[in-house]
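A short worksheet on the structure shown next.
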């Protein structure tokens with residue numbers, strides 16, 4: 001799995017300190033712009049002299065209006081908005097969602113390698129689109145329709161302030177959308193968990209001996225299981241193998257080891273617990289619910305650097321246009337180094353049982369066979385769990401089904417100690433997350449060249465810091481790495497809570513859209529307001545791209561290529577390369593015009609919220625925890641825009657002088 005779109009989340013207060021200066025600058029510019037627009041509108045209506053007095057009067061009267069806002073009157077307006085929404089058959093949207101869920105099974109790909117991603121992405125996307133459509137229609141047409149039908153007069157002639165009308169409608173429509181989203185969330189959760197729930201069984205008598213062959217050094221040939229070839233290295237020490245029953249459109253390979261224990265091999269990104277039921281020929285192995293499918297992983301990322309064959313910094317480019325990853329060559333001293341901080345056994349290690357811990361503390365020479373097994377379990381539980389995703393670049397084809405071998409090493413970052421574990425081999429797994437557990441007890445070479453045991457946390461971790469090195473072992477092959485490709489896996493968060501946070505993000509996005517819709521509806525008609533809201537949403541969703549493009553035009557940054565709108569049109573017509581000089585008559589004037597246009601877009605894109613950041617569905621679908629700091633940042637953005645847009649809506653509605 002690739003998680004390049006998952007950014008490191010700043011701690012909330014660190015983010016807040018950095019965001020406050022930007023907020024105050026934006027409010028200053030917005031305030032000046034509002035005064036200019038308000039003055040021009042007042043002059044157009046009342047003339048130059050009286051226009052200034054009217055504007056000043058509105059500003060002075062706004063202070064008591066906003067301060068003396070009545071919660072009771074605001075809630076009364078909100079109730080009217082809720083009743084109006086119900087009369088508009090808003091429940092039809094919920095009915096559409098239910099119908100979509102009922103027939104979703106007909107269209108979802110049953111052969112998907114990651115069905116949980118498909119199910120979660122589907123319900124979150126369906127909920128998002130339906131809620132945004134509902135929010136746009138409710139918020140943009142309500143107030144213009146009341147003004148058009150003159151029913152607004154029954155409100156403004158009462159002692160109700162303009163701010164209470166705007167805030168009441170925002171609250172009312174938000175309550176309606178919240179109730180709808182809550183029902184969608186409950187149905188979605190049971191749809192996902194119920195749709196992915198399945199069990200398998202396999203009879204003990206169906207387990208077959210794994211055939212031996214002299215054609216392979218291991219003495220084992222590849223086994224054909226469920227249409228797939230299982231390599232000897234995947235079989236381990238197993239003596240028997242078999243297939244489970246076909247459930248949820250897949251089977252699992254079941255292996256029996258010499259000691260009689262049974263392992264269930266992963267399929268479609270998950271495995272199962274297993275228990276034996278019955279005795280003798282009638283005994284069967286029953287597989288429990290799927291494990292590893294619905295997760296909320298908590299990745300703890302480190303800082304990545306590359307060391308080449310000569311020992312200097314730097315990775316290799318293999319000519320890929322996507323420069324996200326750098327590469328290291330195989331069978332060389334080149335490696336990637338991740339440095340982690342705050343690494344402790346209490347943070348990442350799992351607590352062994354008392355029996356396992358007692359066996360682990362016992363000297364190796366004094367352990368019997370059972371104690372050795374328990375000690376190994378305790379050693380792994382106290383180890384460092386890593387999730388690894390590496391890209392592979394092959395300079396020779398070889399056997400495409402064979403995976404590339406690599407090595408992993410744990411190093412003390414303190415140069416004075418000069419301590420590193422021996423390299424541990426692993427086999428890369430492209431396109432999937434590979435779990436590697438570094439045991440607590442590792443081996444290293446002492447000054448005499450002898451292998452001795454070292455403790456991961458006591459010897460290799462220095463003041464909470466540790467380095468993990470990755471090597472590629474095969475000549476002519478390359479490992480591609482980016483910083484998120486390796487992380488320490490902390491304890492999982494509950495999936496239900498993560499799923500709820502995904503819907504909270506949709507709710508926050510919906511509230512912002514409601515605020516924009518209501519504010520625009522105080523100025524223009526319903527159709528214009530809905531088009532304006534859509535334009536704002538699209539601009540905000542692609543704000544990062546717009547800012548990158550504008551920065552390349554305004555500040556000559558290499559964030560995007562092609563220039564502004566006129567330059568881009570000329571390049572399309574003349575089939576000119578994006579990176580070539582424009583070199584046409586009037587180039588100076590074209591670039592100056594584009595600078596003016598892109599300057600306006602740059603300002604707008606920086607003021608609007610980045611709606612794309614509110615899309616957390618990829619976190620939930622791919623099994624990663626939505627960081628609480630991120631959610632707190634989104635809540636802060638939503639509250640800020642709700643307050644600012646309510647104030648703008650108040651002044652806009654006051655300026656219309658309804659029923660005066």
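Numbering (the UniProt record's numbering), first residue to last: 1 to 660.
For every residue, glycine included, the Cβ atom is placed at its ideal position computed from N, Cα and C.
Residue 167 versus residue 63 - alpha carbon distance: 16 Å
Do residue 492 and residue 297 have their C-beta atoms closer together than 7 Å? yes
Using the three-state DSSP reduction, which class does residue 668 fall into: helix, strand or coil? Lying outside 1 to 660, the shown extent of the chain, residue 668 is not represented and no answer is given.
When you compare the region 473-483 with the region 436-443, are there three or more beta-carbon pairs, one atom per stretch, that lie closer than 8 Å? no
Let me confirm a value: residue 17 is counted as buried when at least 16 other C-beta atoms fall within 10 Å, else exposed. Which label applies? exposed
In this structure, what does DSSP give as the bridge partners for residue 164? According to DSSP, residue 164 bridges with nothing at all.
Does the region 170-185 come close enough to the region 115-122 to have 3 or more Cβ pairs within less than 8 Å? no
Is it buried or exposed, residue 440, if we count other Cβ atoms within 10 angstroms and call 16 or more buried? buried
Mind pulling the beta strand (DSSP E) runs of 3 or more residues that sit fully within the region 397-427? 405-411, 424-427
CA-to-CA distance, residue 403 to residue 430, given in whole angstroms: 8 Å
For residue 629, which residues of its own chain have a beta-carbon under 6 Å away from its beta-carbon, when the five flanking residues on both sides are left out? 9, 11, 12
Return the first residue and the last residue of the beta strand (DSSP E) that residue 258 is part of. Per DSSP, residue 258 belongs to no beta strand (DSSP E) and is neither H nor E.
Return helix, strand or coil for residue 140, following the three-state DSSP convention. helix
Please go through the same chain and pick out, in chain order, the residues whose beta-carbon is closer than 6 Å to the beta-carbon of residue 530, but skip the five residues on each side of it. 136, 140
Less than 6 Å between C-beta atoms, sequence neighbours within five positions excluded: which residues of the same chain meet that for residue 532? 520
Helix or strand or just coil, what does DSSP make of residue 469? strand
Do you know offhand how far residue 317's Cα is from residue 481's? 11 Å
Tell me where the alpha helix (DSSP H) around residue 552 begins and ends. 543-554
For residue 377, report the span of its alpha helix (DSSP H) as first-last. 369-381
What is the DSSP secondary structure of residue 271, counted as helix, strand or coil? strand
In terms of DSSP beta bridges, what is residue 17 paired with? None; residue 17 has no bridge partner.
Out of 77, 308, 410, 370, which has the shortest C-alpha to C-alpha gap to residue 423? 410
Extent of the continuous alpha helix (DSSP H) to which residue 651 belongs: 628-656
How is residue 89 classed by DSSP in three states: helix, strand or coil? coil
So what does residue 387 bridge to, in DSSP terms? 435, 487
Closer than 7 Å by C-beta to residue 278: which residues in its own chain qualify, once you throw out the five before and the five after it? Chain order, please. 284
By the 10 Å Cβ neighbour count, where 16 or more other Cβ atoms means buried, how is residue 577 classified, buried or exposed? exposed
Burial state of residue 44 (16 or more Cβ within 10 Å): exposed
Is it the case that the region 353-366 contacts the region 324-335, given that we only count it when at least three CB pairs across the two stretches are under 8 Å? no
Going by C-alpha distance, which of 513, 95, 305, 94 is nearest residue 171? 513
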